[in-house]
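Q: Please read through the structure below; I'll follow up with questions.
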């Protein structure tokens, strides 16, 4: 049944590092630019995405043998939409202030390419256990990237982390401005590329 | 004052002595009278009261009133900026003109409907451009902005699908979801609707204009992966837009996306020839470019047409 030889741990770690949705696959960039202004936003949206990814992967994996190939994409979309509605209502009820700060992004998870991609590439052929670990890895990878972006922007922009004053001064106020999101993501990507290039050159010598 | 204004609504609309009412700037209203009014009456703020049509309980604070030199125009200055998209009701007590009491008046101040539509349209296209100020649809934006031809194709197809989907979403929301209190199903219904419109446009285009389909067909699939396609129906449901307003929003969103794609494609075509540092090649430099565009689009934030 299973087509991958990877172990569960490997699947899990791939999602976080080797196939990180934001830094490596460059998918779901909208929240990375739009609301990565603080670590808290990253944690909350990350949790929401993690929830939707894991539950959608498990659902699709469970019913994978009953889905007609021709209607598989609409099936994925509706499954995701259902879980998004669930997490949307839960967040709106329990953390209304933070929910408001995230604006429409929680409901827009439904259009995030990363979740549909994982369902199409993985969950529709793999058994429940593997799909669960893959979903967990991808969701945590997204959360990790959002937290890193949020930490960089919050620390450099306002000198704070999770609302606590860490630095005592504001190095670059520019970083927390909404329109700086593009610059921050661009610079982070360039930074990772630079490390990779430097690392490869070192290894080559 | 509140009681008077509430009682007067409905039994009298307008006043024959008042010629025109209009908004001015963001916090002023101008009432034009057919003849001169007394300064002692006009300068007293307590002679006027105002509220937004849907919320009669919330009385807006009028900071001061000024009378024009020819005494026919009274400008009401409000303490807070007005929501000029909404109709406002002004009640004025006993208008005094040259010592004569002309009775009370209840006046409606609202923008021309075409003005409201234009505001929504321009707002969606430029001021709140979905790509550069709301940061939506970025995956498709970066994916299809490499060449100008692709950019225009994607923008046009997206606009067509968006208009179809938004008008249907409005109908479904106002006549099915809201009356039956199913608004919590918004996300599920709207994403299904967008997929359906894509399928519909696909089928129609294939039959009606096969040439056009050959050129633009590939972009149709990408529309579903675009967050703007689901954001527009959600916005029009949240703001309770009417049919025409939904149409204006969708058209504005589509045009704004087209503008963003085209501008970006022009720059990226030139970037191909530029000497970019190796670690910035590809997406990183595209993001920095988009950041510069986002800063430029901030300049539209002060734009106000009506």
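Residue numbers (this note's numbering), protein chains in the order written: chain A, 27 to 231; chain B, 4 to 309.
Idealized CB from N, CA, C, for every residue including glycine.
As the structure is a computational prediction, the values presented were derived from the model and not from experiment.
#1: Are the beta-carbon atoms of residue 140 of chain B and residue 231 of chain B separated by less than 8 Å?
#2: Strictly by DSSP, which residues pair up with residue 54 of chain B?
#3: 8 Å is my cut-off, CB to CB: does residue 148 of chain B come that close to chain A?
#4: Exposed or buried, which one is residue 56 of chain B when buried takes at least 16 other CB atoms within 10 Å?
#5: Distance, Cα to Cα, residue 294 of chain B vs residue 288 of chain B?
#6: Alpha carbon to alpha carbon, how far is residue 219 of chain A from residue 203 of chain B?
#7: Helix, strand or coil, according to DSSP, for residue 300 of chain B in the structure here?
#8: Does the beta-carbon distance from residue 135 of chain A to residue 168 of chain A come in below 8 Å?
#9: Tell me the DSSP bridge mates of residue 76 of chain B?
#10: Secondary structure at residue 81 of chain B, three-state DSSP: helix, strand or coil?
#11: State the start and end residues of the unbroken alpha helix (DSSP H) segment that holds residue 3 of chain B.
#12: Is residue 186 of chain A close to the ligand FMN? I mean its beta-carbon at under 7 Å from any heavy atom of the ligand.
#13: Look up residue 134 of chain B in the DSSP assignment and say whether it is helix, strand or coil.
#14: Identify which residue in B:291, B:298 and B:301 has its Cα closest to the Cα of residue 211 of chain A.
#15: How about the region 189 to 200 of chain A and the region 276 to 284 of chain B: do they share at least three Cβ pairs that are nearer than 8 Å?
#16: In three-state DSSP terms, what is residue 100 of chain B?
#17: Quick check on the burial criterion: 16 or more other C-beta atoms within 10 angstroms. Buried or exposed for residue 3 of chain B?
#18: Give the secondary structure of residue 267 of chain B by DSSP, where H, G and I count as helix, E and B as strand, and everything else as coil.
#19: If you follow the alpha helix (DSSP H) that residue 75 of chain A is in, where does it begin and where does it stop?
#20: So with Cβ pairs under 8 Å, would you call residue 256 of chain A a contact of chain B?
#21: Residues of chain B with CB under 8 Å from residue 211 of chain A, in chain order?
#22: Confirm, please, whether the CB-CB distance from residue 78 of chain A to residue 176 of chain A is below 8 Å.
#23: Note down, in chain order, every chain B residue with its Cβ under 8 Å from the Cβ of residue 75 of chain A.
#24: Answer yes or no: does any C-beta atom of chain B fall closer than 8 Å to that of residue 56 of chain A?
#25: Between residue 245 of chain B and residue 222 of chain A, what straight-line distance do the alpha-carbon atoms span, to the nearest angstrom?
#26: According to the Cβ coordinates, are residue 252 of chain B and residue 130 of chain A closer than 8 Å?
A: On the basis of the coordinates in this document:
#1: Numbered from 1 along the second chain, position 137 holds the residue referred to as residue 140 of chain B. Numbered from 1 along the second chain, position 228 holds the residue referred to as residue 231 of chain B. In contact: residue 140 of chain B and residue 231 of chain B (Cβ atoms closer than 8 Å).
#2: The residue given as residue 54 of chain B occupies position 51 in the second chain. Residue 54 of chain B is bridged to B:62 and B:92.
#3: Indexing the second chain from 1 puts residue 148 of chain B at position 145. Residue 148 of chain B does not count as touching chain A.
#4: Within the second chain, the letter at position 53 stands for residue 56 of chain B. Result: exposed.
#5: On the second chain, position 291 is the one that residue 294 of chain B refers to. On the second chain, position 285 is the one that residue 288 of chain B refers to. The alpha-carbon separation between residue 294 of chain B and residue 288 of chain B amounts to approximately 10 Å.
#6: Here residue 219 of chain A refers to the residue found at position 193 of the first chain. Here residue 203 of chain B refers to the residue found at position 200 of the second chain. Residue 203 of chain B has its alpha-carbon roughly 42 Å from the corresponding atom of residue 219 of chain A.
#7: As a first step, residue 300 of chain B is located in the second chain; it is residue number 297 there, counting from the start. DSSP places residue 300 of chain B in helix when its eight states are reduced to three.
#8: Counting from 1 along the first chain, the entry for residue 135 of chain A is found at position 109. Counting from 1 along the first chain, the entry for residue 168 of chain A is found at position 142. Between residue 135 of chain A and residue 168 of chain A, the CB-CB gap reaches or exceeds 8 Å.
#9: Start at 1 with the first residue of the second chain, and residue 76 of chain B comes out as number 73. Here residue 76 of chain B is bridged, per DSSP, to B:35.
#10: Along the second chain, read from residue 1 onward, the residue named residue 81 of chain B stands at position 78. Residue 81 of chain B falls in the strand class under three-state DSSP.
#11: Within the shown structure, residues of chain B are numbered from 4 to 309, placing residue 3 of chain B beyond reach of any answer.
#12: Absence of the ligand FMN is noted for the structure shown, with no ligands found whatsoever.
#13: Within the second chain, residue 134 of chain B is the residue found at index 131, counting from 1. When secondary structure is reduced to three states using DSSP, residue 134 of chain B falls in the coil class, being assigned neither helix nor strand.
#14: The count along the first chain starts at 1 and reaches residue 211 of chain A at position 185. Comparing Cα positions, the closest option is B:291.
#15: Under the three-pair Cβ rule at 8 Å, the region 189 to 200 of chain A does not count as touching the region 276 to 284 of chain B.
#16: Numbered from 1 along the second chain, position 97 holds the residue referred to as residue 100 of chain B. Reduced to three states, the DSSP call for residue 100 of chain B is strand.
#17: Examination of residue 3 of chain B is not possible in this model, given that chain B is present from 4 through 309 alone.
#18: The residue given as residue 267 of chain B occupies position 264 in the second chain. In this structure, residue 267 of chain B counts as helix in the three-state DSSP scheme.
#19: Here the question's residue 75 of chain A lines up with position 49 in the first chain. Taken as a continuous stretch (DSSP letters only), the alpha helix (DSSP H) holding residue 75 of chain A covers 65 to 88.
#20: The question about residue 256 of chain A has no answer here: the residues shown for chain A are numbered 27 through 231.
#21: Residue 211 of chain A sits at position 185 when you count from the first residue of the first chain. Simply 290.
#22: In the first chain, the residue the question calls residue 176 of chain A occupies position 150. In the first chain, the residue the question calls residue 78 of chain A occupies position 52. No, the Cβ-Cβ distance between residue 176 of chain A and residue 78 of chain A is not below 8 Å.
#23: Counting from one through the first chain, the residue named residue 75 of chain A turns up at place 49. Those within 8 Å of residue 75 of chain A in chain B number zero; the least Cβ separation is about 13 Å.
#24: Your numbering for residue 56 of chain A matches position 30 in the first chain. Under the Cβ distance rule, residue 56 of chain A counts among the residues neighbouring chain B, one pair being separated by less than 8 Å.
#25: For the purposes of this step, residue 245 of chain B is identified with residue 242 of the second chain, where counting begins at 1. For the purposes of this step, residue 222 of chain A is identified with residue 196 of the first chain, where counting begins at 1. It is roughly 52 Å from the alpha-carbon of residue 245 of chain B to the alpha-carbon of residue 222 of chain A.
#26: By 1-based counting over the second chain, the position of residue 252 of chain B is 249. By 1-based counting over the first chain, the position of residue 130 of chain A is 104. In this structure, the beta-carbon distance from residue 252 of chain B to residue 130 of chain A does not fall below 8 Å.
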